[in-house]
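K.L.:
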Amino acid sequence: MAVTPTAKQVFIQGITRSGRTFRPSDWAERLAGVMSPFRPGGARPTPGSHIAYSPWCVPTVMNGIKVVIVHTDLRDAEPMAWDFVMNFAKDNELQVTEGCLLPENDAGKSPAGG
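The sequence shown begins at -16 in this note's numbering and counts up one residue at a time.
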């Protein structure tokens, strides 16, 4: 999948192109776990860092569907890791969309700041 230069995130959805739910049910956590070493500043050998997801590859649920949100910064910092994630989606025929999430603290604010 070609991702437009302005996209900030890519959403890999746990739904195949034919509309089936992707299995196993923990696929998103597994994929994000494999990607956990790829993070801003590189891998951090600090105690406990191995149990945190990378901010560039985060599993979540959106509208009842498992999703992995992949930040496009991963593409610039670690092109092979980016290719791995995108090829995972392609090989498993997962639906992929692109976009940009608003930060939670900004989502509910009015344009006037109130």
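C-beta atoms are modelled at their ideal positions from N, C-alpha and C, and glycine is treated no differently.
When you compare each of Ser1, Val17, Ser8 and Pro23 to Gly47 by their alpha carbons, which one comes out closest?
P.N.:
Your numbering for residue 47 matches position 64 in the sequence shown. It is Ser8.
K.L.:
With a threshold of 8 Å, are at least 3 pairs of Cβ atoms found where one atom belongs to the stretch 42 to 61 and the other to the stretch 7 to 26?
P.N.:
They touch, by the three-pair rule.
K.L.:
In the DSSP assignment, what residue or residues form a beta bridge with Leu77?
P.N.:
On the sequence shown, position 94 is the one that residue 77 refers to. Looking at the DSSP assignment, Leu77 forms a beta bridge with Thr(-1).
K.L.:
Tell me the residue span of the beta strand (DSSP E) that contains Thr43.
P.N.:
Here residue 43 is taken as the residue at index 60 of the sequence shown, counted from 1. Residues Cys40 to Met45.
K.L.:
Decide if Ser1 is buried, meaning its Cβ has at least 16 other Cβ atoms within 10 Å, or exposed.
P.N.:
Locating residue 1 in the sequence shown gives position 18, counting from the first residue. Label assigned to Ser1: exposed.
K.L.:
Apart from the five residues on each side of it in sequence, which residues of its chain come closer than 7 Å, Cβ to Cβ, to Thr43?
P.N.:
Sequence index remark: in the sequence shown, residue 43 carries index 60 (1-based). Result list for Thr43: Val50 and Ile52, in chain order.
K.L.:
Determine, using beta carbons only, whether Thr80 and Phe(-6) come nearer to each other than 7 Å.
P.N.:
Counting from one through the sequence shown, the residue named residue 80 turns up at place 97. Counting from one through the sequence shown, the residue named residue -6 turns up at place 11. Cβ distance < 7 Å, so Thr80 and Phe(-6) count as in contact.
K.L.:
How many whole angstroms separate the CB atoms of Pro38 and Pro23, which I take to be in contact at a CB cut-off of 8 Å?
P.N.:
Counted from its first residue, the sequence shown places residue 38 at position 55. Counted from its first residue, the sequence shown places residue 23 at position 40. So it is a contact: roughly 7 Å between Cβ atoms.
K.L.:
Within a Cβ cutoff of 8 Å, which residues of the same chain sit near Thr(-1), ignoring the five residues on either side of it in sequence?
P.N.:
The count along the sequence shown starts at 1 and reaches residue -1 at position 16. Cβ neighbours of Thr(-1) beyond the five flanking positions: Phe5, Asn75, Glu76, Leu77 and Gln78.
K.L.:
Note down the Cα distance separating Cys40 from Lys73, rounded to an integer number of angstroms.
P.N.:
For the purposes of this step, residue 40 is taken as residue 57 along the sequence shown, with counting starting at 1. For the purposes of this step, residue 73 is taken as residue 90 along the sequence shown, with counting starting at 1. Rounded to the nearest angstrom, the two C-alpha atoms are 17 Å apart.
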